[in-house]
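Take a look at the structure set out below.
4 protein chains.
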Amino acid sequence: MAKMKTVVLSAKWDPKKGFKLGSKDIEEKLTYLGSQVWRNPRLSIEENDVPEIGPTEVLIKVKACGICGSDVHMAQFDEEGYIFYPGLTAFPCTLGHEFSGVVTKAGKQAINKRTGKRYAEGEAVTSEEMLWCGSCRPCADGYPNHCERLEELGFSCDGAFAEYIKVGVRYIWSLEELRENYSDEDIFLAGSLVEPTSVAYNAVIERGGGIRPGDNVVILGGGPIGLAAVAILKRAGAAKVILSEPSKSRANMGKGMGADYIINPLEKNFREEVLQITEGMGAKLYLEATGLPDKVFPDIEQAIWQGKQINSTVVIVARSAKKIPVTGEVFQVRRASIVGSQGHSGHGTFPRVISSMASGMNMLPLITKKISLKDVPENIIMLQTNREECKITAVLE
Amino acid sequence: MAKMKTVVLSAKWDPKKGFKLGSKDIEEKLTYLGSQVWRNPRLSIEENDVPEIGPTEVLIKVKACGICGSDVHMAQFDEEGYIFYPGLTAFPCTLGHEFSGVVTKAGKQAINKRTGKRYAEGEAVTSEEMLWCGSCRPCADGYPNHCERLEELGFSCDGAFAEYIKVGVRYIWSLEELRENYSDEDIFLAGSLVEPTSVAYNAVIERGGGIRPGDNVVILGGGPIGLAAVAILKRAGAAKVILSEPSKSRANMGKGMGADYIINPLEKNFREEVLQITEGMGAKLYLEATGLPDKVFPDIEQAIWQGKQINSTVVIVARSAKKIPVTGEVFQVRRASIVGSQGHSGHGTFPRVISSMASGMNMLPLITKKISLKDVPENIIMLQTNREECKITAVLE
Amino acid sequence: MAKMKTVVLSAKWDPKKGFKLGSKDIEEKLTYLGSQVWRNPRLSIEENDVPEIGPTEVLIKVKACGICGSDVHMAQFDEEGYIFYPGLTAFPCTLGHEFSGVVTKAGKQAINKRTGKRYAEGEAVTSEEMLWCGSCRPCADGYPNHCERLEELGFSCDGAFAEYIKVGVRYIWSLEELRENYSDEDIFLAGSLVEPTSVAYNAVIERGGGIRPGDNVVILGGGPIGLAAVAILKRAGAAKVILSEPSKSRANMGKGMGADYIINPLEKNFREEVLQITEGMGAKLYLEATGLPDKVFPDIEQAIWQGKQINSTVVIVARSAKKIPVTGEVFQVRRASIVGSQGHSGHGTFPRVISSMASGMNMLPLITKKISLKDVPENIIMLQTNREECKITAVLE
Amino acid sequence: MAKMKTVVLSAKWDPKKGFKLGSKDIEEKLTYLGSQVWRNPRLSIEENDVPEIGPTEVLIKVKACGICGSDVHMAQFDEEGYIFYPGLTAFPCTLGHEFSGVVTKAGKQAINKRTGKRYAEGEAVTSEEMLWCGSCRPCADGYPNHCERLEELGFSCDGAFAEYIKVGVRYIWSLEELRENYSDEDIFLAGSLVEPTSVAYNAVIERGGGIRPGDNVVILGGGPIGLAAVAILKRAGAAKVILSEPSKSRANMGKGMGADYIINPLEKNFREEVLQITEGMGAKLYLEATGLPDKVFPDIEQAIWQGKQINSTVVIVARSAKKIPVTGEVFQVRRASIVGSQGHSGHGTFPRVISSMASGMNMLPLITKKISLKDVPENIIMLQTNREECKITAVLE
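Shown next, in the form of C-alpha cells:
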C-alpha cells in the first residue's frame, strides 16, 4: 500500500471534571467540545497510507493548503494542557482544510458537477470543509451549514496537510475555470483560498442579504474573513468599503483587497469616522469579524442610531460566547436587523466564489507566506503568537 | 363656524434641567422628547371649531375611537409632574388615533384610493396615525414608517376623540368592503382596530417576513399588539400559535383570537414549554411584545438554542430602552435573526388588514368596553391602573 | 424470501423511428422520454420479493396509496400503442408514489429526521416521490426539484402499489404529529395526500412566493393540484380564493376545500368575473393548473391588465408544451411576473404540509373513492375516461 | 418677469377616428395615448417665462440635458402626420427629462434629502422624470413607478431643454457627492445620465432581483438602457457580462462599459454562443432591451433550456406590444421566471446610482456628442435616422 507524509495532531482524551459524554460523542475518540476533553496536543509529521476511495469519492493530490486559525487553536493549550479549540474534534487527525489539488483517481459514481460526468484525472479542485450529511432536516431543507450530523475535514476526519486526501464528490468543486487567468501555481494558491472566502461570502451575501450597488459597508476586523469580505463587497458594488482594524499591516492588506477607508478604532472614534466618511449616512451592512462583539457592538449601534441609513444589517460571523448588549429601540427606529452566520456550504457559494476569482477577484494577496508541508507544524506553533502574517500556505509539488 | 366636542390634553412647557431644544423642536409648542418637557397634564372636554379642510383632505365624522396605551402615558405623570410618554408631542392637542368614521366633506383633489375618484360622502374610512411627509429619503425609498418629518395624529396634531377630524387622503383607507359581513356599528368598531392591528401586521408580516403555512410561532405579551399578532399569524397558517402571558384574562382573550397554547411564564419554564408543545422544534417567529426584552430575551434565546428549528426570527415590537443580552453564537448556530419593528404605514399593510377583517379575521373581541366621548378622560385615567380591560373604545352617534 | 403483491406496469421497448438513446437512457430499460419508446403497456398484479433494505433505508408497510394522473398516462396509449406519459420511465415497474405506511424495518444508519435517532418500528411515514441525488450542482445548491440525476418512485424504481416498499431515509417524513387529530385510518389517507399537496405548496408558496394575509388569489383548474392550492392559500390567509373550473363536481370540491368563489370559464367572462369579485383589484397570485396555458393565459393577462393590483405573480404548475402568448407590456405596467414550478422536494415543504394538516388543513375530501390493492389496475384504466372522481386511493390492511 | 430660451414641441389635437377621450384625458390638452391624437409635431426654440416656484419646489438652472428616444418619437410622425410616441403627452410642452443643474432658488419647505435642511443655492442636482403623486394606492404601498396619477417632466409638463426648470423636491436628488471625483463639467454630464441609468438599475437590480457576485448575465440590446445595464451588472460583480448587439459601434461601447463578451446575433447562433462562453451554464439574468421580444425570446428560452443554470430571470425592460411566445415547461424545468420592468423611481434607486457613479461607475462614455441648447431640435430630427450616436447631450453655460 502506497505511503504518504501527513501532519497529524494527537492529544490525550482526558475530560475535565464534570464533562459528560454528549449523545454524538464517542469515548476516547470524538467530541463536540474539544477544549473540555483533549489535553497535551502534539503536532508531528507522520507516514500514513494513501487513502482508499469509495465509489462516490475522489483521491486528490494536494497542491496547496493554508493554515487556519482553528488549526492554531487545536495545537494551542491552556495552563492545564487543554486545547483552545472548543468544537468538533477526533484525534489523532491529519489537519488541514483550506486546500486545493488535482484529482488522481475517481470512484465509479464520482460525478463532476461541472461536466456531469465522472471526474477525469488532472482536474483541479477544491473542497468544502463541512461534510454535511444530505439527509437530516436542515440538509433536506437546503441548509447544509446547519447539518445535524456534520463531519469536518481536518477536525474529525483526515485533512489536507498531506500528500493525498480523499473526499466525497458532493463536497468537491472544480477550479478549471481559473486556468484562463491564473498561472499553474496560482490556480492552486487561489483554490486554497476558496474555503475561507466562502465563509465571508456566506456571511455577507447569503446571510447578510448582500447589498445593492451604491450601498456603503463596514467590516470590523481585518483577519482573513474580514479581508475576504472587503474584496467580496467591493466586488458587489459597494460605494464605500470601510475597514475598522487597529493593526497597520492588516489595514494595509485591507487596502489591497479594496477597502476605500480604514478606521483605527483604538485611535479614532468609530461612530464619528463612519458618519464622516459616509456623509452622515452610515452603512447598509456591518460585519462583525473581530470576535469581540461585546466591545464593538455599542459602536456599531451608535453609528446606526445616528446615521440616516435605514435597513442596516449587522452580520455576526466571528465566534464568541460573549453577550452582546443590544438596544431594541435602535433596531426599531432604524429598521435594522442582526443575523448570525455560520459555514460556507450550500446556496451556490463555492462555485460563485470560484467564478468571481476566475473573473478578476484576486484573493492571492491574503497569502503572506508560502511553506513546504514539513514546515507546517512549526508555522502552526509560530502563529500562536505572530500577528503579522495573514495566511501561511503549504505548497506541495 | 360649526362647533364640536373634543377631548384635549393640555400640559405646561417646562423643560427639565439640561434639556436642549432639538433641531425640529418648537419652543413652547412641540418636542420629540415629551417626557423631558411637558408637566402637569390635564384632560378636558372642550368645544372647538370643526376643522376646515384643504384640497387633498377629507372631513370625517368620527364613529369610533379606541384608547391606546400612549394616550394613557400622555396623561400619566411622575412625581415631579412630568408626563410618562417620551415621544413627539405638541400640546394642547386633541387625543385619539385609533378611529373610524364617515366622510362628510372632501377637498377637490381628495381622491379615494379605492375608487380612483374623489371621496363621496358617507364612505366609511379609517386612517393611519403616522402622517409621513412623502418627500424625505425614507419616504421616497418606500419606508414611510421611518419618515424624517413625521407628524402624528392625536400627538402633534388634533386627533379623533372629537366629533370631526380632518385628514389628508394619503393616510385614509376605505372600510367599505367590511359592509358585507359586519353590522353598521361593527364596521366602525372593527375600523377603529385597523391601526393597532396594522402595527402587529407590520411587525410579523412586513418586518418578521411572515411565515409559511405550517410554521410555529410564539407571541410574548398579550396586550393589544400581541393579541392582534396572534390573530394575524393564525390567519397566516401557523401550525401552532403559542401565547406567553401571565394574566388569566389576557390569556383567555388570546385563546379567543386563535392562540392554540398559552404559557404562563411566571408559573412555567418558558423554554421547556415551547419545546414540549412544538415537540422539540421551537418556533419560526418570536414576537417580543412585552416591553421587557431584557427579561424575556434569555428565554427566547434558550428556546432557539435547544430547538431544532433553524432560521428563527425574533421581532422586537414593544418599545423599551433596556439593553437586551444577545449571544451571537446562538444566532450563528441556529441561522437566526433579530429585527426591530416600528409603525404601521406603507407596504400595503392597512388595506390587507382591512381585507383580512372583511373576509373573516375578527378583531372585535379586543374591544372589552364601549364608552361615549365624554367618558374618555376618566377612562384614560382609569387605565393607568386597570390591567383587565383590553381596548376601551368611544362610540359616537 | 418473503413475497408480496404488487401492481406492475410492463411495456415493450420499441422506440419510434428517429428516437436516439439519450446520454442517461439505458437500452431496453430506462428512458427520459417514455412516450417515444414504450409500447403496449399492461397492468398486472404480481407476486414479488419483499425488498431488502440498505443501511440508510427503511422498509415501509404500505397503508394507503393514491392513483395519480401520471399512473393513468403510463397505462394509456395512442393508436400506435405508445404510452401517453412522456417522461422518465423504466419498465417493468411497480407503480404508486402518493403513499403512506408504517416503518417495519430500519437500516443501521436510517435516522429519523423527527427524532434524530434510528427509525423505530411502527412510525407512520410518507415519502417524497423524487429521489434526488444530493450531490449534483442543483442538489448541492439547495434545489433538489431540479436534480440532474433524479430517480422517481413508481416510475423508474419500484413504487407503493405494493404491500411493502423500501425508501432511503432522506426522502421519508414522519406522520406522527397527525395522530392527535386524525383517526388511525385517516392518518394514512391524509399521509397519502402529502405528496400532491406538496406539489401545490411548492407552486404557490415556494415558487409563487406565497401571499400576505388579505391578498386575493385565483386558481385555474380544479384537479388535485388546483384543489390542494385552494386549501393552502385559504390557509395562508387569502381574502378571496377564486377557483375557475367548468366541472360542477370539481367546483363543489373546490368550495369544500375553501374556495370563496367559483367561476365557470365556459359560461362566464373570466376577466369580468375576477374584477367584479375583487372589486376591480384582480389577484396577487394566479395559478395555472389546467394544462391549457395557451387558452387561459390571455384571460389571466386581461385580468392583470385591467385590475388595479400590482405585483401579481402567475405560477405555471401544470405541464404543457404549448406556447403561451405573453404581452410584456402588461407585465411592465403591472409590475407582474411569471414563474414555472416543478416538484415537491426541498425548502421544508413536506414537513410544513404535514404540520398544516396536523393543525387543521383537511385534505381528506380530495379522496372520493377507496379501493383495495387488487382493484388498482381497473381503476387506473377507468380513470382514462372518468372525470368525476378526484383522488382514488388504495387502502391496505 | 425673467425670460428664458426653451425647446418646445407643439402639435395639433386631432384625434384619429374612433379615439375616445380617456377618463384622465383633457380635451385639446392632455392624453395618455399620444399617437392616437397628436398630429404635425413641430420643434421650436421659444422664449418663455422663467417659472415661479411653490413652497416645496426648487428652481434649477439647467447645466446638461440628454436627448432620449422618446424625445425623438414625439417629434417623429407617420404618413398621416400622427406622432410615433404612444404615451402620456400634453402639448405644447418643453421637452427634456435627462438633466442636471444647480439650484438657484428654493421654496420655504423645499427640504434637501441629503442635508435634511432647505436647499441651498448652488447645490448640484438631478431629478426623476416621473412625477408620482405620493397618495394613490401604488404610491402609498411604495411603488411610485406605478403611480395612478403620474405626470411626466418633458411630456405632460415643462421639461429641461430650457435654461431653467422648476421641480418638486420629492423628485430631486443631490449630485454633490460627485464633486470629489468629477470635474465641474463632468458632474453635470454624469448627472444627466442618472435618469437613464436608473431605468436600467430598476430593471436589473430592483425588478430582476440583482445577482450574486460570480453569476453570469446576458444583455440583449446595446441602446442606452442596455449599455447602462452592462455597467451596473459588471459593478454588481457579474463573472461574465455578455452583450448581444449587432451594431459594431454599439458593441464597442458595450466593451467600454464593461462587457466581457459580445455576441452579434445576426452572425452567430445566440444560444450556442451563450453556452460556449459560459461553459454550458447559461446566465442568471437575461435583460430584454431590444424592443423585439418576439424575435429574441425564443433564443433566450433555448439558452435557458440547454444551460445548466437554474433560477434564471428574464427581465423585460424595452417596450413592445408584440406577443412573446413562452414555453411554460422551460420555466418549470429550469425554475426560471419572467418579470416586467417599468420606471426609475423609488426603492432607493436614484441615490444608489449616484453613489455608484461617485465611487467609480463611469457612465460618461455613453455621451457621444455634446451640443448647445439651440441645436437640440435639429439633433432630435437627426436621431430619427442616425444609429451611430448613443447619447447626445445639450450642455448649457
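Residue numbers (our numbering), protein chains in the order written: chain B, 28 to 424; chain C, 28 to 424; chain Y, 28 to 424; chain R, 28 to 424. Virtual Cβ for every residue (Gly too), placed ideally from N, Cα, C.
Exposed unless 16 or more other CB atoms sit within 10 angstroms - verdict on residue i
{"i": "R:Gln411", "result": "exposed"}
{"i": "R:Pro82", "result": "exposed"}
{"i": "Y:Glu20", "result": "Here chain Y covers residues 28 to 424 and nothing more, so residue 20 of chain Y does not appear."}
{"i": "C:Met308", "result": "buried"}
Member of the options whose CA lies at the smallest distance from the CA of residue i
{"i": "B:Glu178", "options": "B:Lys275, B:Ala117 and B:Val221", "result": "B:Ala117"}
{"i": "C:Asn406", "options": "C:Cys92, C:Tyr288 and C:Arg234", "result": "C:Cys92"}
{"i": "C:Thr354", "options": "B:Thr340, B:Thr224 and B:Phe324", "result": "B:Phe324"}
{"i": "R:Phe111", "options": "R:Arg414, R:Ser383 and R:Ile408", "result": "R:Ile408"}
{"i": "B:Leu216", "options": "B:Val129, B:Gly161, B:Asp52 and B:Thr142", "result": "B:Val129"}
{"i": "R:Ala102", "options": "R:Gly161, R:Gly181 and R:Thr317", "result": "R:Gly181"}
{"i": "C:Gln359", "options": "B:Leu57, B:Asn389, B:Glu328 and B:Glu233", "result": "B:Glu233"}
{"i": "B:Thr224", "options": "B:Ala255, B:Val196 and B:Ile192", "result": "B:Ala255"}
{"i": "R:Val64", "options": "R:Tyr228, R:Gly334, R:Asp52 and R:Ser368", "result": "R:Asp52"}
{"i": "C:Glu79", "options": "C:Gly241, C:Ile192, C:His124 and C:Met388", "result": "C:Ile192"}
{"i": "B:Ser399", "options": "B:Asp185, B:Leu423, B:Gly264 and B:Val344", "result": "B:Leu423"}
Contact check, residue i vs residue j, beta carbons under 8 Å
{"i": "B:Cys417", "j": "B:Met280", "result": "yes"}
{"i": "Y:His374", "j": "Y:Glu155", "result": "no"}
{"i": "R:Ile246", "j": "R:Leu314", "result": "yes"}
{"i": "C:Arg298", "j": "C:Ala330", "result": "yes"}
{"i": "C:Phe126", "j": "C:Asn67", "result": "no"}
{"i": "B:Ile259", "j": "B:Ala310", "result": "no"}
{"i": "B:Lys90", "j": "B:Glu190", "result": "no"}
{"i": "R:Ile381", "j": "C:Ser162", "result": "no"}
Secondary structure of residue i, DSSP reduced to three states
{"i": "B:Leu393", "result": "helix"}
{"i": "Y:Asp321", "result": "helix"}
{"i": "C:Arg69", "result": "strand"}
{"i": "Y:Tyr191", "result": "strand"}
{"i": "C:Arg141", "result": "coil"}
{"i": "Y:Asn406", "result": "helix"}
{"i": "C:Ile238", "result": "coil"}
{"i": "R:Phe215", "result": "helix"}
{"i": "C:Thr305", "result": "coil"}
{"i": "Y:Trp40", "result": "strand"}
{"i": "R:Phe10", "result": "Only positions 28 to 424 of chain R appear in the structure, and residue 10 of chain R is not among them; the question remains open."}
{"i": "C:Lys460", "result": "The question about residue 460 of chain C has no answer, for chain C in this structure spans 28 to 424."}
Residues that DSSP places opposite residue i in a beta bridge
{"i": "B:Trp200", "result": "B:Thr153"}
{"i": "B:Gly61", "result": "None; B:Gly61 has no bridge partner."}
{"i": "R:Val257", "result": "Paired residue(s): none; R:Val257 is not in a bridge."}
{"i": "C:Glu315", "result": "C:Leu247 and C:Ile343"}
{"i": "Y:Cys120", "result": "Y:Leu36"}
{"i": "R:Ile398", "result": "R:Ala421"}
{"i": "Y:Cys163", "result": "According to DSSP, which records beta bridges pairwise, Y:Cys163 is partnered with nothing at all."}
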